[in-house]
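**Student:** Heads up: the sequence shown begins at 17 in this note's numbering, then just goes up one per residue. Let me give you the structure first, and then I'll get to my questions.
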Amino acid sequence: MVYDQRSALSNYISRLLATGRVVFTAQEAEEALGVGRGAFLDAAERLQHRKALLSPRRGFYVIVPPQYASWGAPPPAWYIDALMHHERQSYYVGLLKAAELHGATHQAVMEFQIVSAKRFPDIRAGRNLIAFYYRKDMAAVQTGIEERKTDTGMMKVSSAALTAFDLLRYPQASGGLDNIATVLSDLGSAIDPKQLKALSLAMEKPVVQRLGYLLDRLGHGQVTESMHAAVQAKGAPRWTELDRKEASDPDFAPEPLERDERWRVIVRRMPEVDE
Numbered sequence: 017m018v019y020d021q022r023s024a025l026s027n028y029i030s031r032l033l034a035t036g037r038v039v040f041t042a043q044e045a046e047e048a049l050g051v052g053r054g055a056f057l058d059a060a061e062r063l064q065h066r067k068a069l070l071s072p073r074r075g076f077y078v079i080v081p082p083q084y085a086s087w088g089a090p091p092p093a094w095y096i097d098a099l100m101h102h103e104r105q106s107y108y109v110g111l112l113k114a115a116e117l118h119g120a121t122h123q124a125v126m127e128f129q130i131v132s133a134k135r136f137p138d139i140r141a142g143r144n145l146i147a148f149y150y151r152k153d154m155a156a157v158q159t160g161i162e163e164r165k166t167d168t169g170m171m172k173v174s175s176a177a178l179t180a181f182d183l184l185r186y187p188q189a190s191g192g193l194d195n196i197a198t199v200l201s202d203l204g205s206a207i208d209p210k211q212l213k214a215l216s217l218a219m220e221k222p223v224v225q226r227l228g229y230l231l232d233r234l235g236h237g238q239v240t241e242s243m244h245a246a247v248q249a250k251g252a253p254r255w256t257e258l259d260r261k262e263a264s265d266p267d268f269a270p271e272p273l274e275r276d277e278r279w280r281v282i283v284r285r286m287p288e289v290d291e
């Protein structure tokens, strides 16, 4: 009986693959096969041991096509939208992964980075690591979220402007200041100035100041004018450190190299851009 259940599930996932689907829920499979939860779980577990199936979240399954058997999972772009829909959470692909999709990274991105409205543990799916970063105010940045076509459907991705802000908002996830500057050097030309200004109203002021300074420094000052005007309209902001790590210990912090009056940013070390 177990063999028949496993065979039926194998046939079911083969039919899904033939229609271009790589995901399904436990409830969908149980209804299609006419089996109970226990029988389905037994069959699914055996296929997982065979590396033909994986379950990144309870009740949600991803089929591993033969061409990705050695990877242990298809690319996260194939199923991330369906996964987040299953979790009923808003999200977008962001940070360095979004920068890569915008053509602005100099090296392979090791994480598939997701910004979501709920805190999730990271997911190891075969060779892929899906890393989650929390943003409470997702509604405030909706204008910076785009839809991108994938091999199996669509996924949400941060625009160049929102990606730029997030690189400064999550510096540890972005590889540090040098890497952020390197990515921004390429990403800057893709940023929409109007969107940059609109999104700046939803961002913490120090993040806006740091991004404005870096974009100016990297030769993309043409996109920061309206954002700078919006910042100044509320009065001169407080001084902020370009790199908070450099000033974290007052006893060992380097003396400032520059105090940028335009953005009121204190610079203790110039970021190095990888050419």
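Yeah, the Cβ is synthetic: ideal placement off N, Cα and C, and Gly gets one too. What you are looking at is a predicted structure, and each value in this text was computed from that prediction instead of being measured.
1) Compute the beta-carbon to beta-carbon distance between T179 and H118, rounded to the nearest angstrom, for a pair I have assumed lies under 8 Å.
2) In whole angstroms, what separates the C-alpha of V247 from that of G169?
3) Just to confirm the assignment: which complete alpha helix (DSSP H) runs, minimum length 4, are found wholly within the segment 67-143?
4) Alpha carbon to alpha carbon, how far is G142 from P293? Give it in angstroms, no decimals.
5) Should the segment 176-196 be regarded as contacting the segment 108-115, the criterion being three or more beta carbon pairs within less than 8 Å?
6) If the criterion is Cβ atoms closer than 8 Å, does the pair P222 and T256 meet it?
7) Let me know the secondary structure DSSP gives L145 once reduced to three states.
8) In the DSSP assignment, find the unbroken alpha helix (DSSP H) run with V247 in it and report its ends.
9) Hey, S242 and K261 are a contact pair by Cβ (cut 8 Å); roughly how many whole angstroms apart?
10) Who are the near neighbours of L215 in its chain, counting only those whose CB is closer than 8 Å to its CB and skipping five residues on each side?
11) Taking the straight line between their C-alpha atoms, what separation do you get for K172 and L57?
12) Applying the criterion that 16 or more other CB atoms from any shown protein chain within 10 Å of the CB defines a buried residue, is M17 buried or exposed?
13) Based on the DSSP secondary-structure assignment, which residues constitute the bridge partners of D276?
14) Reducing DSSP to helix, strand and coil, say where Y150 ends up.
15) Would you identify the three-state DSSP class for V289, choosing helix, strand or coil?
16) Specify, as a first and last residue, the run of the alpha helix (DSSP H) that T41 falls within.
17) State buried or exposed for F40, treating a residue as buried only when at least 16 other CB atoms are found within 10 Å of its CB.
18) Taking C-beta to C-beta, are H236 and S205 nearer than 8 Å?
19) With DSSP as the reference, please indicate the residues paired to K172 in a beta bridge.
20) Below 8 Å between beta carbons: does that hold for L25 and L63?
21) What number of angstroms, rounded off, separates the C-alpha of P8 from the C-alpha of T240?
22) What alpha helix (DSSP H) runs, 4 residues minimum, are completely inside the segment 192-229?
23) Compare the Cα-Cα distances from A93 to each of V38, G75, Q43 and report the closest residue.
24) Which residues bound the alpha helix (DSSP H) around H65?
25) When you compare the CB positions of P270 and R284, do they come within less than 8 Å of one another, or not?
26) So, for G36: in the same chain, excluding its five sequence neighbours on each side, which residues have a beta-carbon less than 7 Å away from its beta-carbon?
27) Just verifying my parser: in three-state terms, what is the DSSP assignment at Y28?
28) Taking 8 Å as the cut-off, decide whether the C-beta atoms of I79 and L33 are in contact.
**Tutor:** Walking through what the data contain:
1) 7 Å
2) 39 Å
3) 96-103, 111-117
4) The structure shown has nothing for residue 293, since the chain only spans 17 to 291.
5) yes
6) yes
7) strand
8) 241-249
9) Actually they are not in contact, since the Cβ atoms of S242 and K261 sit about 30 Å apart, beyond 8 Å.
10) V157, T159, G160, A177, L178, F181
11) 31 Å
12) Low local confidence applies: a pLDDT of 39 at M17 is under 50, so the model's placement there is unreliable, with the coordinate-based value given in what follows. M17 is exposed by the Cβ-count criterion.
13) V281
14) strand
15) coil
16) That residue, T41, is in no alpha helix (DSSP H); its beta strand (DSSP E) goes 39-41.
17) buried
18) yes
19) E163
20) yes
21) Past the edges of the chain, shown from 17 to 291, lies residue 8, and the structure says nothing about it.
22) 193-203, 209-216
23) V38
24) 53-65
25) yes
26) T168
27) helix
28) yes
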